[in-house]
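Protein chains in written order, with my numbering: chain A, 293 to 701; chain B, 293 to 701.
Even for Gly, the Cβ is constructed at its ideal location relative to N, Cα and C.
Number of protein chains: 2
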Amino acid sequence: MIKEIAGGVCAAKGFTAAGVHCGVKEGSDPAKKDLALILSETECQAAAVYTTNRVKAAPIYVTMEHLEDGVCRGIIANSGNANACAPESHENALEMCTMAATATGLKAQDFVVASTGVIGQTIRLAPIQAGLPGLVKELAHSPEASDAAANAIMTTDTRKKEIAVAVEIGGKTVTIGAVAKGSGMIHPNMGTMLCFITTDCAITHEMLQDALHEVVPRTFNRVTVDGDTSTNDMCVVLANGLADNEQIEWKDDDYAAFTQALRYVCEQLARAIAADGEGASRLITCVVHHARSEDSAERLSKAVVGSALVKAAMFGADANWGRVLCAIGYSKAPFRPEYVDMKFVSAAGEVAVCEKGTGLAFDEELAKKVLTQEEVIIDVCLNEGDHEATCWGCDLTYDYVKINGDYRT
Amino acid sequence: MIKEIAGGVCAAKGFTAAGVHCGVKEGSDPAKKDLALILSETECQAAAVYTTNRVKAAPIYVTMEHLEDGVCRGIIANSGNANACAPESHENALEMCTMAATATGLKAQDFVVASTGVIGQTIRLAPIQAGLPGLVKELAHSPEASDAAANAIMTTDTRKKEIAVAVEIGGKTVTIGAVAKGSGMIHPNMGTMLCFITTDCAITHEMLQDALHEVVPRTFNRVTVDGDTSTNDMCVVLANGLADNEQIEWKDDDYAAFTQALRYVCEQLARAIAADGEGASRLITCVVHHARSEDSAERLSKAVVGSALVKAAMFGADANWGRVLCAIGYSKAPFRPEYVDMKFVSAAGEVAVCEKGTGLAFDEELAKKVLTQEEVIIDVCLNEGDHEATCWGCDLTYDYVKINGDYRT
Numbered sequence: 293m294i295k296e297i298a299g300g301v302c303a304a305k306g307f308t309a310a311g312v313h314c315g316v317k318e319g320s321d322p323a324k325k326d327l328a329l330i331l332s333e334t335e336c337q338a339a340a341v342y343t344t345n346r347v348k349a350a351p352i353y354v355t356m357e358h359l360e361d362g363v364c365r366g367i368i369a370n371s372g373n374a375n376a377c378a379p380e381s382h383e384n385a386l387e388m389c390t391m392a393a394t395a396t397g398l399k400a401q402d403f404v405v406a407s408t409g410v411i412g413q414t415i416r417l418a419p420i421q422a423g424l425p426g427l428v429k430e431l432a433h434s435p436e437a438s439d440a441a442a443n444a445i446m447t448t449d450t451r452k453k454e455i456a457v458a459v460e461i462g463g464k465t466v467t468i469g470a471v472a473k474g475s476g477m478i479h480p481n482m483g484t485m486l487c488f489i490t491t492d493c494a495i496t497h498e499m500l501q502d503a504l505h506e507v508v509p510r511t512f513n514r515v516t517v518d519g520d521t522s523t524n525d526m527c528v529v530l531a532n533g534l535a536d537n538e539q540i541e542w543k544d545d546d547y548a549a550f551t552q553a554l555r556y557v558c559e560q561l562a563r564a565i566a567a568d569g570e571g572a573s574r575l576i577t578c579v580v581h582h583a584r585s586e587d588s589a590e591r592l593s594k595a596v597v598g599s600a601l602v603k604a605a606m607f608g609a610d611a612n613w614g615r616v617l618c619a620i621g622y623s624k625a626p627f628r629p630e631y632v633d634m635k636f637v638s639a640a641g642e643v644a645v646c647e648k649g650t651g652l653a654f655d656e657e658l659a660k661k662v663l664t665q666e667e668v669i670i671d672v673c674l675n676e677g678d679h680e681a682t683c684w685g686c687d688l689t690y691d692y693v694k695i696n697g698d699y700r701t
Numbered sequence: 293m294i295k296e297i298a299g300g301v302c303a304a305k306g307f308t309a310a311g312v313h314c315g316v317k318e319g320s321d322p323a324k325k326d327l328a329l330i331l332s333e334t335e336c337q338a339a340a341v342y343t344t345n346r347v348k349a350a351p352i353y354v355t356m357e358h359l360e361d362g363v364c365r366g367i368i369a370n371s372g373n374a375n376a377c378a379p380e381s382h383e384n385a386l387e388m389c390t391m392a393a394t395a396t397g398l399k400a401q402d403f404v405v406a407s408t409g410v411i412g413q414t415i416r417l418a419p420i421q422a423g424l425p426g427l428v429k430e431l432a433h434s435p436e437a438s439d440a441a442a443n444a445i446m447t448t449d450t451r452k453k454e455i456a457v458a459v460e461i462g463g464k465t466v467t468i469g470a471v472a473k474g475s476g477m478i479h480p481n482m483g484t485m486l487c488f489i490t491t492d493c494a495i496t497h498e499m500l501q502d503a504l505h506e507v508v509p510r511t512f513n514r515v516t517v518d519g520d521t522s523t524n525d526m527c528v529v530l531a532n533g534l535a536d537n538e539q540i541e542w543k544d545d546d547y548a549a550f551t552q553a554l555r556y557v558c559e560q561l562a563r564a565i566a567a568d569g570e571g572a573s574r575l576i577t578c579v580v581h582h583a584r585s586e587d588s589a590e591r592l593s594k595a596v597v598g599s600a601l602v603k604a605a606m607f608g609a610d611a612n613w614g615r616v617l618c619a620i621g622y623s624k625a626p627f628r629p630e631y632v633d634m635k636f637v638s639a640a641g642e643v644a645v646c647e648k649g650t651g652l653a654f655d656e657e658l659a660k661k662v663l664t665q666e667e668v669i670i671d672v673c674l675n676e677g678d679h680e681a682t683c684w685g686c687d688l689t690y691d692y693v694k695i696n697g698d699y700r701t
């Protein structure tokens with residue numbers, strides 16, 4: 293039984309967080325927090341996945357180094373600058389860890405570092421140094437503290453992404469909490485955003501890494517906003533063991549229960565990231581089922597939520613199912629067009645649009661009603677096997693163009 | 293010496309064309325032509341490339357059948373309906389050829405058939421049958437006739453795509469002319485649009501097919517508008533031999549001269565299609581040079597012109613070069629980020645933005661001037677080898693969203 297609870301990244305035992313405005317970006321709004329700290333009172337097992345982009349931001353490399361030993365104590369993160377491809381990027385990412393260590397009395401190697409924002413401009417460290425004492429003072433084990441951290445990592449996100457769940461593992465209550473940011477440059481192929489997960493579960497580094505690798509491909513990697521995989525993507529999970537459950541060392545029932553809860557957390561955040569894609573007005577969920585394999589179902593589903601033409605049609609609440617068929621057609625995954633059934637489903641009902649690859653007559657008025665809901669499900673039945681996959685995306689709107697036509701300046 | 297001349301698809305000896313409005317789409321504007329015919333007075337060698345989409349429209353299959361013998365006499369094409377994935381699509385595509393044959397006194401197998409428009413709705417043949425006698429009466433060997441055919445295949449195109457060139461081959465003047473349509477669902481992986489090419493060159497079917505296969509991957513397949521590969525894409529070349537040059541049977545100098553002229557024709561149309569992408573306000577050309585191989589240069593260049601974030605930045609005339617670096621990073625092609633130099637070039641000058649993978653300080657005012665021109669070149673030097681490739685795309689604008697949010701209705 294997975295139960296949603298309050299508290300976000302501070303819900304698990306022994307974790308504190310904080311978020312403040314320090315002015316990473318010159319002249320930025322003082323009301324916008326831009327520096328976050330998440331800390332565990334004891335050492336954590338840590339696992340992470342990173343962007344697959346060949347161009348990786350400096351904080352990615354520094355975090356990789358710092359997690360080589362599989363343990364850490366906290367996360368320092370900023371919005372307002374990606375600290376990527378700028379002079380001194382690497383030195384500056386290291387320096388951020390050193391600053392966080394000095395302010396907390398820990399070591400630089402104890403920190404994961406993450407940055408998000410514009411690429412290619414040198415990050416200003418002075419505001420971060422000046423902001424750190426205040427940030428440390430704000431550290432608290434409270435829902436408000438998690439909220440502050442969640443807000444501090446947002447860029448063009450319009451809503452904070454935060455969740456926590458409690459689950460029984462080996463007779464003990466284990467808690468998993470997380471904050472994430474998404475919005476632009478969101479695409480499969482990895483973490484596709486920043487996500488910081490904390491848990492008090494007692495689990496080995498190896499099992500934690502395996503659980504994360506099982507979950508991320510089925511959650512965050514199934515989200516696409518615009519097909520662009522960022523240079524800074526990172527998903528990190530810290531486990532401090534304070535739940536006092538028997539340590540998970542094998543792929544037993546406890547491991548399964550933990551992984552299921554972790555998947556729930558990641559799936560809810562993945563959906564939230566898709567729904568809040570830059571400029572998005574609705575969440576588009578594409579379920580491809582009765583496929584020959586999960587892999588082909590996933591590729592077909594991704595092609596649909598990634599299609600600019602499908603996304604624009606969804607913005608216009610236009611039941612243009614031919615574009616969905618066209619998108620699965622160029623996905624390179626195998627299927628038989630002449631077997632495909634398709635319908636659009638939402639809170640307002642459902643409308644079947646295609647049977648055995650051929651268009652059906654349908655009620656345009658009903659279709660309009662179905663397609664103007666907050667979440668629209670594109671349901672594609674391949675009639676070929678019994679595998680399925682679900683991917684998430686959003687519609688393509690005027691606001692996406694507006695946000696990205698003038699982001700840097 | 294390749295010389296541009298007037299006449300489009302009617303420039304070559306022995307070719308006539310026509311375009312009329314017949315009302316394929318119910319209630320469509322009578323001023324918008326929607327039915328085109330291109331005819332050769334003698335039998336032609338014919339070569340074609342087709343969409344790689346697994347979902348292929350009926351006219352693609354019918355054309356494949358009709359060109360199995362390598363020869364044909366003409367092309368019948370309509371806009372207003374894709375004749376794809378609708379009941380009776382295949383029968384209707386065949387019937388269009390039969391109708392064209394009846395109206396011209398030829399055989400159905402003599403015809404290439406092509407359709408463009410919305411997917412999944414049954415095409416109305418009655419208007420086509422009613423329109424054919426008038427269409428045949430309009431057939432003429434004139435620039436105006438080519439213009440009419442070029443207009444009849446347009447959908448959301450805002451400008452017709454038409455070109456003709458003359459080139460000396462074996463002491464004779466050989467002419468190549470073409471009309472094309474592009475605009476939406478434009479992406480590498482094949483023909484990516486409709487393109488009808490006519491030539492009076494004497495050339496074997498085999499050499500014609502080889503020339504087309506050499507040229508298309510370096511021209512049309514290097515265009516992307518929105519990453520969607522249509523179900524109906526087709527590029528056909530008809531050669532009737534009336535130029536009286538010695539027939540090209542080998543890969544000799546004559547073959548090279550013909551292929552070079554064909555490439556010129558296709559490259560100009562490819563650029564025109566990119567520049568007139570749905571909603572586009574400018575042509576984006578990405579040149580990747582000093583690469584390890586042409587293949588990797590092409591993949592890197594395609595990733596840049598295909599990136600939604602780069603496209604939106606170009607719309608906003610924002611010199612956000614980090615997005616270009618990010619796009620080549622996720623392209624999966626090999627390169628060293630730390631070797632990359634980058635500049636933006638246009639009629640207004642050039643501005644260097646990145647050297648050895650690191651941002652340069654640059655004049656924002658000059659950058660704005662450079663980026664607000666009709667064509668912007670993104671120049672990426674990999675400093676690794678001596679291969680290069682050029683791809684073409686366009687910016688992502690409010691109008692793209694507008695056009696595609698409400699296309700079907």
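Taking each of SER623(A), VAL693(A) and LEU617(A) in turn and checking the Cα distance to ILE670(A), the smallest one comes out for LEU617(A). Assignment of TYR353(A) by DSSP, reduced to helix, strand and coil, places it in the helix class. Look at the beta carbons and you see the segment 305-312 of chain B touching the segment 422-439 of chain B: at least three pairs across the two are nearer than 8 Å.
Under the DSSP assignment, LYS429(B) falls in the alpha helix (DSSP H) whose first and last residues are 417-430. Listed along chain B are CYS377, ALA378 and PRO379, each with a C-beta nearer than 7 Å to that of THR650(A). A straight line joining the alpha-carbon of LYS694(A) with that of LEU331(A) spans about 37 Å. Contacts with chain A at 9 Å (Cβ-Cβ) do not include ASN370(B). One Cα belongs to TYR631(A), the other to THR682(A), and the distance between them is close to 19 Å. Distance between ASN537(A) and GLY299(A), taken at the CA atoms: about 20 Å. Looking at the backbone, the Cα of LYS624(B) and that of LEU592(B) are separated by about 8 Å.
No Cβ of chain A is located within less than 9 Å of the beta carbon of VAL428(B). In this structure, VAL363(B) sits away from VAL405(B), with a CB-CB distance that is not shorter than 9 Å. Boundaries around TYR692(B) are those of the alpha helix (DSSP H), 690-697, since no beta strand (DSSP E) includes it. According to the DSSP assignment, MET606(B) belongs to no beta strand (DSSP E) but to the alpha helix (DSSP H) extending over 600-607.
Taking a beta-carbon distance threshold of 9 Å, TRP684(B) does not count as an interface residue toward chain A. The CB of VAL347(B) comes closer than 7 Å to the CB of LEU617, CYS618, GLY621 and PRO629 in chain A, given here in chain order. It is roughly 26 Å from the alpha-carbon of SER371(B) to the alpha-carbon of GLU657(A). In the structure shown, ASP525(A) falls within a coil segment according to DSSP collapsed to helix, strand and coil.
From the listed residues ALA619(A), ILE411(A) and VAL637(A), the smallest Cα separation to PRO379(A) is found for ILE411(A). ALA549(B) and ILE455(B) have their alpha carbons spaced roughly 18 Å apart. For GLY423(A) and LEU329(A), the gap between their C-alpha atoms comes out near 11 Å. For a Cβ distance threshold of 9 Å, residue set ASN612 and GLY614 of chain B lies close to VAL410(A), ordered along the chain. VAL557(B) sits in a helix when the DSSP states are folded into three classes. For GLN337(B), same chain residues with a beta-carbon under 7 Å away, outside a window of 5 residues either side, are GLY362, VAL363, ILE495, THR496, HIS497, LEU500 and ALA531 in chain order. Annotation: ILE620(B) to ASP587(B) spans about 13 Å, alpha carbon to alpha carbon.
Remark: C-beta atoms of GLU680(A) and ALA583(A) approach each other more closely than 9 Å. Using beta-carbon distances, SER522(B) counts as an interface residue toward chain A, with a partner under 9 Å.
For LYS473(B), the uninterrupted beta strand (DSSP E) run begins and ends at 464-473, by DSSP. For ASN373(A), there are no C-beta contacts with chain B under 8 Å, since the nearest C-beta of that chain is about 11 Å from it. Counted as a single uninterrupted DSSP element, the beta strand (DSSP E) harbouring ASP633(A) occupies residues 633-638. Cβ-Cβ distances below 6 Å link ALA604(B) to LEU688 in the same chain, with the five nearest sequence neighbours on each side left out; the list follows chain order. Chain B places a beta carbon closer than 9 Å to that of ALA600(A), counting this residue as a contact.
Among the residues of chain A, none has a CB under 7 Å from the CB of THR516(B); the nearest is roughly 10 Å distant. One alpha carbon belongs to GLU335(A), the other to PRO425(A), and they sit about 22 Å apart. Of the residues TRP684(B), MET446(B) and GLY697(B), the one whose Cα lies closest to the Cα of TYR690(A) is GLY697(B).
ILE695(A) belongs to the set of residues whose beta carbon lies under 9 Å from a beta carbon in chain B.
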